[in-house]
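*Asks:*
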Amino acid sequence: MRIHQDGNSLRDPREGPRRWIRRRADDDRRRAALDRPQARVNTARIVFVVVAVAVFILDRITKSIVAAQVPYGTEVSVAGRLVGITNVHNSGAAFGIAPAAAGIFLIASLVVAVALAVYVFRTVAGEWTYAMLGLIMGGTVGNGYERLVNGTVTDFINFHFWPVFNVADSAVTVGVVLLIASYALRKPTS
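Note that our numbering gives residue 129 to position 129 of the sequence shown, counting from 1, and the numbers run on in steps of one.
(1) With a threshold of 7 Å on Cβ separation, who are the neighbours of A44 within its own chain once the five nearest residues in sequence on each side are excluded?
(2) Check whether the Cβ atoms of K63 and N158 sit closer than 8 Å, and answer yes or no.
(3) What distance in whole Å lies between the Cβ atoms of M137 and L116, which are believed to be in contact at a cut-off of 8 Å?
(4) Work out the CA separation of K187 and S77 for me, nearest whole Å.
(5) Quick one: give me the first and last residue of the beta strand (DSSP E) that N90 is part of.
(6) Would you kindly report the start and end of the unbroken alpha helix (DSSP H) that includes T129?
(7) Leaving out five residues before and five after E75 in sequence, what residues of the same chain have Cβ atoms less than 6 Å from its Cβ?
(8) Closer than 6 Å by C-beta to G151: which residues in its own chain qualify, once you throw out the five before and the five after it? Chain order, please.
(9) Can you tell me the Cα-Cα spacing of F161 and V141, whole angstroms?
(10) Quick one: what does DSSP say F156 is sitting in, helix, strand or coil?
(11) Report buried or exposed for A68, applying the criterion of at least 16 other Cβ atoms within 10 angstroms of its Cβ.
(12) Nearest to F156 by alpha carbon, out of N90, G175, F48?
(13) Give me the DSSP bridge partner(s) of V70.
(14) Just grab the DSSP bridge partners of V76 for me.
(15) Return the bridge partner residues of F165 from the DSSP annotation.
(16) Taking the alpha-carbon of V49 as reference, which of A113, I104, V176, V70 has the nearest alpha-carbon?
(17) Work out the CA separation of F121 and R81 for me, nearest whole Å.
(18) Answer yes or no: do A168 and D59 have a C-beta to C-beta separation smaller than 8 Å?
Right, here's the structure in full:
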């Protein structure tokens, strides 16, 4: 490779300066266009991780507070007859579904967490989609962790007309409902 007097080895000596500048600018634009989607994907993945970690931490903190402040099996009224904090242990799924299948739900939590991680790091989606998946991941890991450590999950939010649940259950439910709604409302691309 020959270095020219101006010290630039990228320029072809047969090419005029204008053509070289134009070609260089086109190359820079192409590189910038390729970098933008990657930056967007990385931002979306960061959103996924931040939401998942925030849900997990909030779930752990609330369960710890309830375990320390509310005796097992008792209720503390929060908003009259509407809402109460009830410390109960649940060996089944969200909202007390299938209480005899604790081992199955532990395995299911692990499978869902691995599947979500693989999906997020192998596909491209927007921040909104990854935020919803982060809700699901945080809730799944929160309940899975407690099920692994304690064999049961602490539920404490009691609306009296609905089974007792926790922050992780809420996050999974909200994430799934919003994900389904976003896919149902998405405009078809032609």
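Note that beta-carbon positions come from the ideal geometry of N, C-alpha and C, so glycine has one too.
*Replies:* Quick answer:
(1) Only A125, G126, E127, Y130 meet the Cβ criterion.
(2) The criterion of a C-beta distance shorter than 8 Å is not satisfied by K63 and N158.
(3) Sure, about 5 Å apart at Cβ, within 8 Å.
(4) Spanning the two alpha carbons is a distance of roughly 45 Å.
(5) Here the beta strand (DSSP E) through N90 covers 84-90.
(6) First-last of the alpha helix (DSSP H) with T129: 127-150.
(7) Same-chain partners within the cutoff: G84, T86.
(8) For G151, where only same-chain residues beyond five positions count, there are no Cβ hits under 6 Å.
(9) Going by the C-alpha atoms only, they are around 27 Å apart.
(10) Here F156 sits in strand by DSSP.
(11) Exposed: under 16 other Cβ atoms inside 10 Å.
(12) Of the listed residues, the one whose Cα sits closest to F156 is N90.
(13) According to DSSP, V70 bridges with nothing at all.
(14) For V76, which the question treats as bridged, DSSP gives the partners I85.
(15) Answer by DSSP bridge pairing, in chain order: I157.
(16) Minimum Cα-Cα distance from V49 among the listed residues A113, I104, V176, V70 corresponds to A113.
(17) Near 45 Å, if we compare the C-alpha coordinates of F121 and R81.
(18) A contact, by the Cβ cut-off of 8 Å.
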